[in-house]
Each structure stands twice: as structure tokens, then as C-alpha cells.
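If you read the sequence shown in our numbering, its first letter stands for residue 9, the second for the next number, and so on. Beta carbons are placed, not taken as given, at the ideal position from N, Cα and C, and that holds for glycine. From a predicted model like this one, the values you see are computed outputs, not experimental measurements. For reference, the structure is listed below as C-alpha cells.
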Amino acid sequence: MTRHKILVIDDEPANLRLLKRVLGSDYDTYCANSGLEGLEYLRQEQFSLIITDQRMPGMSGVEVLQESLSLAPLAVRILLTGYTDIQALIDAINTGNVYKYIQKPWDAEDLRLTVRRALEAYDLKNRNDELVLELQSALKQLENISIGTIVALANALDAKCDYTSGHSLRVSRYSLCIGRKLGFSPDELKDLELAGILHDIGKIGVPEAILWKPGRLDPEEQKIMSAHPVRSAQMIEEIEQFDRVRLWVRHHHEHLDGSGYPDQLAGENIPLGSRVILVADAYDAMTSDRPYRNSIGFEKATGELRKHSGRQFEGEMVEALLSVVGEGGENLTAEGIPESYLGLKLGGINPQQSGKQYLLETARRAQA
Ligand SMILES: [Fe+2]
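Pasting the structure below:
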């Protein structure tokens, strides 16, 4: 273990010699004969402990300790004072972050003991700080792994069922646009981004023949397809922290007038985040190519959203999204969309995994 460095400051050379004799055998002890010289040492070396006399010409001990706070924030501070320096003691305790004061004349054994305890406190605090940092770093790693897993799941889904990949991430990002515009809290925005990514995850269980069907679905197929919000919610059932995300995912196909699914909720009974995702999802579905039709373009998509405002979509949310994506959709590039709350990149999608590739490959095999 490395030896602790101690800085002692006193204008009396005899006192410095004495302090060095008492402490020098156990610690690397540096001596300064004025406050200014002491501060100079603090700029050059890292000390565990500072011991200073109070009464010195020029700078007092309390002033030195106050100055030392910015130069050596972690060091433990001890003030040596006479019986009459009551005001100095009060100042030192209030402003100099003093661990202990020692009255003069001091006893060598008492001083050794006080220094040992002060350094134990120093070591303990440092160890605690290290542990807190380790814990924070471990938590961050865990969060990154969780987010990575969620994105991998979303990518797997997009590869399976969307004509253009990246649908989940885009819905997530459009939802963020709306949430920010409507003044959602940071916690709500984080959940909104997660819910946007996970909203359709239950489609992983829907057969590809249904997902990829170019024409209309028959009633039985429609039933299977309509089960996906409940499936999505079930897939994240085990994650306790996702209570609100799960609720928003489950209801992302409810319509304002109660004509949606799975629970035919209406108006404000539909969870707020679900109403946001509905608008974001519809917007992305209309402005990207699908197996059964190409994008209808920004103009028509805008018209459709506004036409169904008040019945299917909440008007305020439609306007919030349209104000963000811009007239004519000029802000639709990844750069035009606000930054992700979870650090996710829209460009992280591999176009080779898109459904379009899957369709082309299926057609090629059919011909071979
Ligand atoms: Fe959906």
C-alpha cells in the first residue's frame, strides 16, 4: 500500500520540525512555512491530509483550508489552534470543511491517533467513491445490454414483417417527436421511445403468409393479426420496470371513438402513450412501402391523419407530429428527427435485412 502524503503548514520552524518528527516515520510529510507555500505544494502533489496552524502572518490557517478545497477536494483537513481562537474554529468548521481541530499545545500520541483516524476516514471515503463508480458503471453496462437486446428484437421483427426495415425505430422516434412537443416528462419520453420500439414485437408470432399477404386479410387472418398488441405486451410481461411501456404497447391500436382493439377503449381511457404511438405508427405506415401498396406520400398521409382526427387520432398529436416532420415532409431524414433518448441510431438498421429483400428472394426461388 502506498504511503499517505501529509502536508503540514506552520510559520514556526521549530513546530514544523516537531510535526515532521512525530509523523515522518509513518507518512511522507511535506513542510511549508506559510499558507502560500502550502498552496503551492497542493498544486503540485496530491495529499491525503493537510494540517495547518491557524495563526500565521499573511494567510490564516482557515483561509488556507478554504483555498485548499478546490485544489485538494478529497484531502482531510486538521486545524491547529490556541485556546482563544473560538471565531477561527467556527469559521473553519463552517467554511473550511475541517475534519478536526487540535488545541495547542498538542500531545504527540494524541496527534498520531487523530492523524491515523483521519486517514482511515480518507481511505474509507475513497473506497466508497470507487464502489459507487463501479456500481454506476455496472448499471450502465446492464442498461446498454438491455437496450441492445430490445433493439435486436425490434430488428428481428422489422426484418421479418416490414417491407422497409426500421419501422419500429421510426415509430419510436416519431413518438418522441410528439411527446416532446406535448411536454412529456423525461421518464415518459424514455418509456415512449421504448414502447415505440416494442409496439409490434408480438407480430413475431404471426405467420409470414399473413404478414406478407399482398391482398386483404380474411376474418380468421385478421383475428390472428389483431392479437399482436396483446402478444407484444405479454412478451415484456416479465420486465417489472416496463409496467407503463406494457400498457402503452397493449393499447396502441385503440381508436379515439372506441372502434379500435383489443379492448375498444375510447377517448381519455386510452393510455396517453398509446394515443401517441397510434399516430406515429399510422404516419410511418402511410409514408413507407408495404407488401400490398407503396407509400402514399406526405401530402396524402397528412390528409388522412387530419381526416381521421377526432375519431381515430387525437388532433393535437397529429398536429404535433406534422409540425415536427415539416411541410412537405422535408425533415423526414434521420437528421431531421430529434435525438434518441436511449442513444439509439436510426441508421443502425441493415437494409439487407429488409422485407423487400425477403420478397425478392422468395420470388427468385419460386422461378428457379
Ligand atoms: Fe401494431
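- For Q111, the enclosing beta strand (DSSP E) has its first and last residue at K108 to Q111.
- Under DSSP, L57 forms a beta bridge with I14 and V84.
- In this structure, ligand 1 has no non-hydrogen atom nearer than 8 Å to the beta-carbon of K231.
- In its chain, beyond the 5 residues on either side, A40 have a beta carbon closer than 8 Å to the beta carbon of E48.
- Per DSSP, A40 is one residue of the beta strand (DSSP E) stretching across D36 to A40.
- Counting only the Cα atoms, H261 lies some 17 Å from L202.
- Taking non-hydrogen atoms of ligand 1 into account, the C-beta of D289 is found less than 8 Å away from one of them.
- Positions of the alpha helix (DSSP H) runs, each at least 4 residues long and wholly inside the stretch 115-194, are given as 116-169 and 175-189 in order along the chain.
- Assignment of S317 by DSSP, reduced to helix, strand and coil, places it in the strand class.
- At a cut-off of 4 residues, the continuous stretches assigned as alpha helix (DSSP H) that sit fully inside the stretch 255-331 are 280-295 and 305-315.
- Around the beta carbon of I98, a 10 Å sphere encloses fewer than 16 other beta carbons of the protein chains shown; the residue is thus reported as exposed.
- Three or more beta-carbon pairs separated by less than 8 Å are not found between the stretch 302-317 and the stretch 228-241, which leaves the two stretches without contact.
- A direct Cα-Cα distance of roughly 26 Å separates G204 from G223.
- From the listed residues E248, K148 and L24, the smallest Cα separation to M64 is found for L24.
- DSSP places H236 inside the alpha helix (DSSP H), whose first and last residues are H236 to M243.
- The distance from the Cβ of A274 to that of R258 is about 15 Å, inconsistent with a contact at the 8 Å cut-off.
- Across the set P113, Y38 and I17, the C-alpha of I17 shows the shortest separation from the C-alpha of I86.
- Contact check between the stretch 265-279 and the stretch 178-195: fewer than three CB pairs, one atom from each, fall below 8 Å, which does not count as touching.
- Within the same chain, A241 and I244 come within 6 Å of R254 by CB-CB distance, once the 5 residues on both sides are set aside.
- For T103, DSSP assigns no beta-bridge partner whatsoever.
- Exposure of I94 is indicated by the presence of fewer than 16 other C-beta atoms within 10 angstroms of its C-beta.
- A direct Cα-to-Cα measurement between D195 and W256 gives close to 14 Å.
- Annotation: A162 to N136 spans about 39 Å, alpha carbon to alpha carbon.
- Taking 8 Å as the cut-off, the C-beta of P237 counts as close to a heavy atom of ligand 1.
- Contact check for V72 and Y130: beta-carbon distance about 18 Å, past the 8 Å limit, so the pair fails to qualify.
- Counting every other CB atom within 10 Å of its CB across the protein chains shown gives T310 a total of 16 or more, marking it as buried.
- Rounded to the nearest whole angstrom, the CA to CA distance from H236 to G213 is 8 Å.
- Only residues of its own chain outside the window of five on either side were considered, and among them V179, Y182, S183, I186, G204 and L329 have a CB closer than 7 Å to the CB of A288, listed in chain order.
- Set against 8 Å, the gap from the CB of D208 to the closest heavy atom of ligand 1 is smaller.
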